[in-house]
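Colleague:
Numbering (our numbering), first residue to last: -7 to 253.
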């Protein structure tokens, strides 16, 4: 089983939408067995998946898993698509327990090892603030993808996020950073200017499908609607949603290819 962490220090960049729609794509279109962990106390991904009812829900939350380990816990049988949802209060209590942070990493790593034969990929959605939950994700994952939007605040925060990734590489040497993934992309002069700035400063860090094409997620209302309804975007009864899926599916296929799943 491969493990992908979707993370960035900046909130509002579409991490949960990327994680959620990627999970649908990998399971429903590529036939992969997908496990999802929601480490974000905002629980946007958990809400979407609960609303849609496509993924089965574990009978324990992500904060419980991190704090107490997997002993006595079991996942729904033979479903191929499971989410361990955000239990907000327990997730928010983790950062203050500094003496237990190392054990938290051990707990999650042991859980992933225990279920590794049941799933092909685990997707971990993280919170924006760089606390222990992000550190856990970066220490247990095989791959990282970093959604960013093209607003100045997000661009200014790239350096700090890349420092988090670099620091985690010291202990998780097998981790591969798939790159920065621009999201909510619009063909406006402002965004074109900011994209050019990122290419000039961080071009090697951007996710690329090939030598000439960068990966990106366009700004489309159908993605937000799909998340609100808990559906894969291609299942919305809108022509625009089908067109949106044609734009984002190659990005998801590229991620799968890079991860070897």
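C-beta atoms are modelled at their ideal positions from N, C-alpha and C, and glycine is treated no differently.
Note that the structure is a prediction, hence the values are computed from the model and not measured.
Cα separation between residue 148 and residue 180?
Modeller: As a position in the chain shown, residue 148 is number 156, starting the count at 1. As a position in the chain shown, residue 180 is number 188, starting the count at 1. Going by the C-alpha atoms only, they are around 19 angstroms apart.
Colleague: With DSSP as the reference, please indicate the residues paired to residue 206 in a beta bridge.
Modeller: Locating residue 206 in the chain shown gives position 214, counting from the first residue. In DSSP, residue 206 forms a bridge with 200.
Colleague: With DSSP collapsed to three states, give me the class of residue 33.
Modeller: One-based indexing of the chain shown puts residue 33 at position 41. Coil at residue 33, not helix or strand.
Colleague: Suppose the cutoff is 8 angstroms on Cβ atoms and the five residues either side in sequence are ignored; what does the same chain contact list for residue 7 look like?
Modeller: Numbered from 1 along the chain shown, position 15 holds the residue referred to as residue 7. Spatial neighbours of residue 7 in its own chain (CB-CB distance under 8 angstroms, excluding positions within 5 residues in sequence) are listed in chain order as -2, -1, 0, 32, 117, 118, 120, 139.
Colleague: Comparing alpha-carbon positions, which option in 137, 58, 88 lies nearest residue 101?
Modeller: Working through the chain shown from its first residue, we reach residue 101 at position 109. Per the Cα distances, 58.
Colleague: Just reading off the beta strand (DSSP E) that residue 173 is part of, what are its end residues?
Modeller: Residue 173 sits at position 181 when you count from the first residue of the chain shown. Run containing residue 173: 168 to 174, per the beta strand (DSSP E) assignment.
Colleague: Please name the residue, chosen from 222, 107, 112, that lies closest to residue 249 on a Cα-to-Cα basis.
Modeller: Reading the chain shown from its first residue, position 257 is the one you call residue 249. Here the closest residue by C-alpha is 112.
Colleague: Under three-state DSSP, which class holds residue 74?
Modeller: If you number the chain shown from 1, residue 74 lands on position 82. Here residue 74 sits in strand by DSSP.
Colleague: Please name the residue in 142, 132, 122, 143 whose C-alpha comes closest to that of residue 154.
Modeller: As a first step, residue 154 must be located in the chain shown, where it is residue number 162. Nearest C-alpha to residue 154: 122.
Colleague: Counting C-beta neighbours from all protein chains within 10 Å, is the total for residue 144 16 or more, i.e. buried, or is it exposed?
Modeller: Numbered from its first residue, the chain shown carries residue 144 at position 152. Under this definition residue 144 is an exposed residue.
Colleague: Using 8 angstroms as the Cβ pair cut-off and three pairs as the minimum, do the segment 12 to 27 and the segment 63 to 79 touch?
Modeller: yes
Colleague: Determine, using beta carbons only, whether residue 56 and residue 30 come nearer to each other than 8 angstroms.
Modeller: For the purposes of this step, residue 56 is identified with residue 64 of the chain shown, where counting begins at 1. For the purposes of this step, residue 30 is identified with residue 38 of the chain shown, where counting begins at 1. The answer is no: Cβ separation not under 8 angstroms.
Colleague: Taking one C-beta from the segment 170 to 189 and one from the segment 209 to 219 each time, how about it: are there three or more such pairs within less than 8 angstroms?
Modeller: yes
Colleague: In the DSSP assignment, the beta strand (DSSP E) including residue 147 goes from what residue to what residue?
Modeller: Sequence index remark: in the chain shown, residue 147 carries index 155 (1-based). It is not in any beta strand (DSSP E) - residue 147 instead sits in the alpha helix (DSSP H) that spans 144 to 148.
Colleague: Should residue 12 be labelled buried (16 or more other beta-carbon atoms within 10 Å of its own) or exposed?
Modeller: For the purposes of this step, residue 12 is identified with residue 20 of the chain shown, where counting begins at 1. With 16 or more other Cβ atoms within 10 Å, it is buried.
Colleague: Could you check how far apart the C-beta atoms of residue 150 and residue 172 are, in whole angstroms? I think they sit under 8 angstroms.
Modeller: Counting from 1 along the chain shown, the entry for residue 150 is found at position 158. Counting from 1 along the chain shown, the entry for residue 172 is found at position 180. The C-beta distance from residue 150 to residue 172 rounds to 7 angstroms, short enough to fall under 8 angstroms.
Colleague: Report yes if the C-beta distance between residue 247 and residue 137 is below 8 angstroms; otherwise report no.
Modeller: Residue 247 sits at position 255 when you count from the first residue of the chain shown. Residue 137 sits at position 145 when you count from the first residue of the chain shown. Result yes, Cβ atoms of residue 247 and residue 137 sit closer than 8 angstroms.
Colleague: Measure the beta-carbon distance from residue 42 to residue 52 and round it to whole angstroms, keeping in mind my assumption that it falls under 8 angstroms.
Modeller: As a working note, residue 42 is residue 50 in the chain shown. As a working note, residue 52 is residue 60 in the chain shown. Not a contact, Cβ separation roughly 15 angstroms.
Colleague: With a CB to CB cut of under 6 angstroms and the five nearest residues on each side skipped, what residues in its chain are close to residue 152?
Modeller: Translated into positions along the chain shown, residue 152 becomes position 160. So the list reads 1, once near-sequence residues are dropped.
Colleague: Verify whether the separation of the beta carbon atoms of residue 87 and residue 124 is less than 8 angstroms.
Modeller: The residue you call residue 87 lines up with position 95 of the chain shown. The residue you call residue 124 lines up with position 132 of the chain shown. Their beta carbons are under 8 angstroms apart, which means residue 87 touches residue 124 by this criterion.
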